[in-house]
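Residue numbers (the UniProt record's numbering): 1 to 200.
Glycine is no exception: its CB is placed at the ideal position from the N, C-alpha and C atoms.
Since we're looking at a predicted model, the values are computed, not measured.
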Amino acid sequence: MNTDLFNDLPTPDVDWYPDWLAADDAERLLVRLIDEVQWRQDMMGTPGGRVALPRLTAWQGEPDAVYVYSGIRNVPQAWTPAVAELKAAAEATSGARFNSVLLNRYRSGADSMGWHADREPELGKQPVIASVSLGVARRFDLQHNRSGVVQSFSLKGGSLLVMKGDTQAQWRHRVPKEPRVSGERINLTFRWVTPSVSPT
Ligand SMILES: O=C(O)CCC(=O)C(=O)O
Numbered sequence: 001m002n003t004d005l006f007n008d009l010p011t012p013d014v015d016w017y018p019d020w021l022a023a024d025d026a027e028r029l030l031v032r033l034i035d036e037v038q039w040r041q042d043m044m045g046t047p048g049g050r051v052a053l054p055r056l057t058a059w060q061g062e063p064d065a066v067y068v069y070s071g072i073r074n075v076p077q078a079w080t081p082a083v084a085e086l087k088a089a090a091e092a093t094s095g096a097r098f099n100s101v102l103l104n105r106y107r108s109g110a111d112s113m114g115w116h117a118d119r120e121p122e123l124g125k126q127p128v129i130a131s132v133s134l135g136v137a138r139r140f141d142l143q144h145n146r147s148g149v150v151q152s153f154s155l156k157g158g159s160l161l162v163m164k165g166d167t168q169a170q171w172r173h174r175v176p177k178e179p180r181v182s183g184e185r186i187n188l189t190f191r192w193v194t195p196s197v198s199p200t
């Protein structure tokens, strides 16, 4: 955990690049990803029965990078061209290597992702996760588990947020619904999944 020198508030261990991609490139990549990625509608269990996740998803990566989250077993599809370009760029900026990516497509502000941390064993103790955003800006909240402190980012199209260190262990995150937002957004979280601890 990093600590702010002036008011002692906890701050997450992240690197933030708001203008990581040029605006034109970010717009072109959004269109390419909508077209080239095999988007799917996953379901989740709730006390009231199975309901559709409030977003579309896809999982790409190396064949052995199997990853389970929210009870969903994700066997990756092969890298598609635009995703492979973004992976190489995210690796160059972060200095980390990635063998998989979770893609989330928020069709409007009615789509969202609830509070969670990416803490699955196959990600390791201090995972580096590179989060690339395309399309409309959406709010991204990080909440410190112990203090409840919330730090919010506006993840605009073309931005990169690299989460590392104890961010997953000590913080949780979400993308809340924003009913006034009508545009589309795609987020890609590049990760390293250790193949040997991936469930088979
Ligand atoms: O859409 C986002 O910015 C967040 C995605 C996310 O929380 C995740 O992939 O774990």
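Query	Result
Whole-number beta carbon distance between R138 and residue 203, since they are thought to touch under 8 angstroms	This structure cannot settle anything about residue 203, because the visible part of the chain is limited to 1 through 200.
Proximity test, T189 beta-carbon vs ligand 1 heavy atom, cut-off 8 angstroms	yes
Residues that D141 bridges to, as DSSP identifies them	S152, R174
Alpha-carbon to alpha-carbon, D141 and T189	15 angstroms
CA nearest to the CA of V83, picked from S94, T93, V101	V101
Reduced DSSP secondary structure (H/G/I, E/B, other) of L9	coil
Strand pairing of D166, partner residues [DSSP]	The partner list for D166 (beta bridge, DSSP) is empty, contrary to what the question assumes.
Of the residues V193, M113, R50, the one placed nearest P127, counting alpha carbons only	V193
Of the residues L160, R191, S152, M163, the one placed nearest P176, counting alpha carbons only	S152
Given D35 as reference, the closest of Q143, G183, S159, R105 once Cα atoms are compared	R105
Delimiting residues of the beta strand (DSSP E) encompassing T93	Looking at the DSSP string, T93 is not in any beta strand (DSSP E); the run it does join, the alpha helix (DSSP H), is 81 to 94.
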